[in-house]
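Visitor: Once you've had a glance at the structure underneath, I'll fire off some questions.
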Amino acid sequence: MTTPVRTRFAPSPTGYMHIGGMRTALFAWLWARHTGGVFILRIDDTDQERNVEAALGPIFRAFEWLGLNWDEGPKVGGPYEPYYQSQRTPLYQAAVDKLLAEGKAFKDFDAPEVIAEDRKQAEAAKKTYVNIRRSLELSDAEKKQLEADGKPFVVRFLIPRDQKIAIDDAVRGHVEWDCSLMPDPVIMRSNGSFLYNFATVVDDSQMQITHVIRAEEHLANTPVQALIHMALGNPLPVFAHIPFITAPGSTKKLSKRDVEKLRNSPQLKKMFDRADEVFPQLGLGDSKTLNPVMVEYYERLGYLPSGILNALSRLGWSLDGTTEFLSLEDVIQNFTLERIVKAPAGFDPEKLQSYQQYWMNQLPLGDKVTGCLPFLTQARLVSGEVDDSTREIVVKVISAVADRLRVFSDILDYKEFFVDDEAMTFDEKPFQQRLRDAPEAVGLLKSVREQLTTVTPFDAATLDKLVHDFVETSGIKIGQIVHALRVAVTGKSVGVGLFDALAILGRERSLRRIDRALERF
RNA sequence: GGCCCCAUCGUCUAGAGGCCUAGGACAUCGGAUUUUCAGUCCGAGUACUGGGGUUCGAAUCCCCAUGGGGUCACCA
């Protein structure tokens, strides 16, 4: 019989979901899904105070947005409840008692200052620090006396110093440590609370976790955890330490501590700038409230789960040498731990952009409209109720924008179609260059305006022909009129095809805008 | 510093002894298409950290060096 795979992700309630953590969670989730196993969410809130629920919001939200559901955990429950570490202390207590009773852990009465001194001396002597087990020398009577006196103590797990401990990591292979170099870790604080390293072991075992898939920085914790598992009589789970994600252009772990440094990295600058441009329009603050290390940044900017998921899966994992675009379903089907790359992977915004672009282009028009609409409403470019005529315009704009649309919020770059003719602003630079500084612009604009009053139908193909004929008969270059017209009608030098723009606006609005430009000379 | 991990184009990666004069993708740079921007198409350059082995043969196996990183709490 083969036991079903059970993996877990155990975030602490930090108030946001880290993109690197999301990638770790994804790998654990993928392994469960690939094998038809179970994925568990467990909350590591041992040292958190009140606001756990609030701090958890963005984390659940990230999972839900990306469609990574959990089979057991908060909200859904499960056979190993509770899924909050803060509510599991009886389990930890029982485990400590067991170790204590079996002599596999001991009460250490040494004061912190004493320990600090030991450590200092070891350092001075250039020797690896290993705690001195003074309390182990105490007689039972002495220990009883100390406890009766209310002398504080911690519980330490007794490392079998005469051994070596080895694990066979599913991505790293055989890794071995010499126990004689390991200090006895504290597993229970003097205030009676428990430490992560211990709680994790108890939880993983009680929840029947078969595969501990986590970031590489936990590799150093693993010997201790393995030893505790063994002392508790648990079977060892399979460990799989996946490499962490590094910051763009760096070899260091991508951490939110360094966001301010990241802001200036050339690779990430664009992402911060985009946040500062878009979020204020949406009433969501700016790059200080949401930045590219948070999953929510991508959601709020209108990235697609498929784009993010594709990018995240390809960071440290590949199907083969050529496949770049994979749906979640593809990845689930092909995901194996052995194909995880051992070296850290740099987070590359450009590459993410390309995955995103691919998946956006796969989307049918209707889905793009549905995706963009909330952004237009949120930016108050369309009013709450979306009537058919509004929707019609949105459809037209998005068709014209075509594959310029990479993320849904890009639609905000085309707000000229959604503002009143009188409210539309002209960008100064192109207005100067294409209209004021172009001596023939006024005349050409007036002539074309004349023709626009009568041409029918007022659609892109007809307008295209009209302008080309106009160019022909007046013997000018097409650029001379096109640029002027574009600025006059949209206020900008870049955007959708000019004839599309005119057709979307329609005759009335186009003429009004041309008049405004003319008046503005 | 101790312990541990890692090492192929700028970046993500393919490569599990001969198929490698090292493949793909992103980015970059050319060129084409074009009313702008984007896109698309075509093309180019760019990498096995170094040194020793093993072998007829090494990017691939072993050793050493170097470099990078992680971790060393009564944090998680």
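If you use the working numbering, the first sequence corresponds to residues 46 to 566, in order.
Ideal placement from N, C-alpha and C gives every residue a C-beta, glycine not left out.
Where do the ends of the alpha helix (DSSP H) carrying Lys209 lie?
Guide: What you label residue 209 is simply residue 164 of the first sequence in a count that begins at 1. First-last for Lys209: Lys209 to Asp214, but that is the beta strand (DSSP E), not the alpha helix (DSSP H).
Visitor: Leaving out five residues on either side along the sequence, give the residues of the same chain with a beta carbon under 6 Å from the beta carbon of Val439.
Guide: Residue 439 sits at position 394 when you count from the first residue of the first sequence. These residues qualify, in order along the chain: Val414.
Visitor: Is the stretch 50-62 close to the stretch 96-110, with three or more CB pairs under 8 Å?
Guide: Output reads yes: the stretch 96-110 touches the stretch 50-62.
Visitor: Which of helix, strand or coil does DSSP assign to Arg233?
Guide: Reading the first sequence from its first residue, position 188 is the one you call residue 233. This sequence places Met at residue 233; Arg is not what is there. Correct three-state label for Met233: strand.
Visitor: May I ask you to report which of helix, strand or coil DSSP gives Lys537?
Guide: Start at 1 with the first residue of the first sequence, and residue 537 comes out as number 492. Coil.
Visitor: Buried or exposed: Val571, going by 16 or more other Cβ atoms within 10 Å of its Cβ?
Guide: No statement about residue 571 is possible, as the shown extent of the chain runs from 46 to 566 and does not include it.
Visitor: Which whole-angstrom value is the C-beta distance of Ala576 and Leu281, which I expect to be below 8 Å?
Guide: Given a span of 46 to 566 for the chain in the structure shown, any question on residue 576 remains unanswerable.
Visitor: I'd like the ranges of any beta strand (DSSP E) spanning at least 3 consecutive residues and lying wholly in the stretch 131-193.
Guide: Entirely contained in the stretch 131-193, the beta strand (DSSP E) runs reaching 3 residues are, in chain order, 150-153.
Visitor: For Thr48, name the three-state secondary structure that DSSP assigns.
Guide: As a working mapping, residue 48 is identified with position 3 in the first sequence. Residue state, collapsed to three classes: coil.
Visitor: Short of 8 Å in beta carbon distance, which residues of its chain neighbour Ser180, apart from the five on each side in sequence? Order them along the chain.
Guide: Sequence index remark: in the first sequence, residue 180 carries index 135 (1-based). Around Ser180: Phe151, Lys152, Asp153, Phe154, Asp155, Lys188 and Phe198.
Visitor: Which residue from Ser250, Thr245 and Asp458 puts its Cα closest to that of His263?
Guide: The count along the first sequence starts at 1 and reaches residue 263 at position 218. The candidate whose alpha carbon is nearest that of His263 is Thr245.
Visitor: Less than 8 Å separating the beta-carbons of Asp229 and Phe202?
Guide: Taking the first residue of the first sequence as position 1, residue 229 is located at position 184. Taking the first residue of the first sequence as position 1, residue 202 is located at position 157. Yes. Within cutoff.
Visitor: Would the stretch 421-433 and the stretch 320-328 be scored as touching if the rule is three or more Cβ pairs under 8 Å?
Guide: Contact holds: three or more Cβ-Cβ distances are below 8 Å.
Visitor: Would you kindly check if the distance between the Cβ of Leu240 and the Cβ of Val247 is under 8 Å?
Guide: Along the first sequence, read from residue 1 onward, the residue named residue 247 stands at position 202. Along the first sequence, read from residue 1 onward, the residue named residue 240 stands at position 195. Not in contact: Val247 and Leu240 (Cβ atoms no closer than 8 Å).
Visitor: Does Asn309 pass the burial test, meaning 16 or more other C-beta atoms within 10 Å, or should it be called exposed?
Guide: The count along the first sequence starts at 1 and reaches residue 309 at position 264. Classification for Asn309: exposed.
Visitor: Is it true that the stretch 484-492 meets the stretch 524-534, where meeting means three or more beta-carbon pairs spaced less than 8 Å apart?
Guide: The stretch 484-492, when compared against the stretch 524-534, does touch it at the 8 Å Cβ threshold.
Visitor: Can you grab the Cα-Cα spacing for the pair Ser300 / Thr69, in whole Å?
Guide: Here residue 300 refers to the residue found at position 255 of the first sequence. Here residue 69 refers to the residue found at position 24 of the first sequence. Ser300 and Thr69: Cα-Cα distance of roughly 14 Å.
Visitor: Extract the residue ranges of the alpha helix (DSSP H) inside the stretch 447-500, only unbroken runs of 4 or more that lie entirely within it.
Guide: Runs found: 486-497.
Visitor: At the level of alpha carbons, what is the spacing between Gly361 and Asp504?
Guide: Stepping through the first sequence from its first residue, residue 361 is reached at position 316. Stepping through the first sequence from its first residue, residue 504 is reached at position 459. If you take the alpha carbons of Gly361 and Asp504, they lie about 49 Å apart.
Visitor: Give me the residue from Asp458, Phe84, Lys441 and Ser454 with the minimum Cα distance to Ile258.
Guide: Counting from 1 along the first sequence, the entry for residue 258 is found at position 213. The residue with the shortest Cα to Cα distance from Ile258 is Phe84.
Visitor: Nearest-angstrom Cα distance between Asp213 and Val283?
Guide: To locate residue 213, count along the first sequence from 1; it is residue 168. To locate residue 283, count along the first sequence from 1; it is residue 238. Their backbone Cα atoms lie some 8 Å apart in a straight line.
Visitor: Alpha carbon to alpha carbon, how far is Val431 from Ser444?
Guide: Residue 431 sits at position 386 when you count from the first residue of the first sequence. Residue 444 sits at position 399 when you count from the first residue of the first sequence. Taking the straight line from one Cα to the other gives about 18 Å.
Visitor: According to DSSP, is Lys196 helix, strand or coil?
Guide: Here the question's residue 196 lines up with position 151 in the first sequence. Coil at Lys196, not helix or strand.
Visitor: Comparing C-alpha positions only, which one of Leu86, Ser131 and Met67 sits nearest to Asn40?
Guide: The structure shown does not extend to residue 40, since the chain is modelled only from 46 to 566, so the question has no answer here.
Visitor: Tell me the DSSP secondary structure of Gly65 in three-state form.
Guide: As a working mapping, residue 65 is identified with position 20 in the first sequence. In the structure shown, Gly65 sits in a helix (DSSP, three-state: H, G or I).
Visitor: Where does Thr291 sit, in a helix, a strand or coil, going by DSSP?
Guide: Counting from one through the first sequence, the residue named residue 291 turns up at place 246. Correct three-state label for Thr291: strand.
Visitor: Only counting the same chain, and skipping five residues up and downstream in sequence, which positions put a Cβ closer than 6 Å to that of Ile590?
Guide: Any question about residue 590 goes unanswered here, given that the chain covers just 46 to 566.
Visitor: Would you say Asp509 and Phe544 are within 8 Å of each other, going by their C-beta atoms?
Guide: Locating residue 509 in the first sequence gives position 464, counting from the first residue. Locating residue 544 in the first sequence gives position 499, counting from the first residue. Yes, the pair counts as a contact, with Cβ atoms nearer than the cut-off.
Visitor: Starting from His513, follow the alpha helix (DSSP H) in both directions and report where the run begins and ends.
Guide: Position 468 of the first sequence, counting from 1, holds the residue named residue 513. Element bounds for His513: Ala505 to Ser519.
Visitor: What are the partner residues of Leu277, as DSSP defines its beta bridges?
Guide: Along the first sequence, one-based indexing puts residue 277 at 232. Note: Leu277 sits in no beta bridge, so no partner.
Visitor: Could you give the C-beta distance for Pro475 and Ser555, rounded to a whole number, given that I count them as a contact under 8 Å?
Guide: Counting from 1 along the first sequence, the entry for residue 475 is found at position 430. Counting from 1 along the first sequence, the entry for residue 555 is found at position 510. Between Ser555 and Pro475 the Cβ distance is about 17 Å, and since that is not below 8 Å, they are no contact.
Visitor: Within 10 Å of its beta-carbon, does Gly218 have 16 or more other beta-carbons around it, so buried, or fewer, so exposed?
Guide: Against the first sequence, residue 218 aligns to sequence position 173. Exposed, by the Cβ-count rule.
Visitor: From the DSSP output, in three-state form, read off Asp223 for me.
Guide: What you label residue 223 is simply residue 178 of the first sequence in a count that begins at 1. Correct three-state label for Asp223: strand.
Visitor: Does DSSP put Ala260 in a helix, in a strand, or in coil?
Guide: As a first step, residue 260 must be located in the first sequence, where it is residue number 215. In this structure, Ala260 counts as strand in the three-state DSSP scheme.
Visitor: Suppose you measure from the CA of Glu147 to the CA of Ala276; what does that come to, to the nearest Å?
Guide: Taking the first sequence and counting its residues from 1, one reaches residue 147 at position 102. Taking the first sequence and counting its residues from 1, one reaches residue 276 at position 231. Going from the Cα of Glu147 to the Cα of Ala276 covers about 9 Å.
Visitor: Assuming Ala77 and Thr52 form a contact by the criterion Cβ under 8 Å, report the distance between their Cβ atoms to the nearest whole angstrom.
Guide: Taking the first residue of the first sequence as position 1, residue 77 is located at position 32. Taking the first residue of the first sequence as position 1, residue 52 is located at position 7. Yes, Ala77 and Thr52 are in contact; Cβ-Cβ is about 5 Å, under 8 Å.
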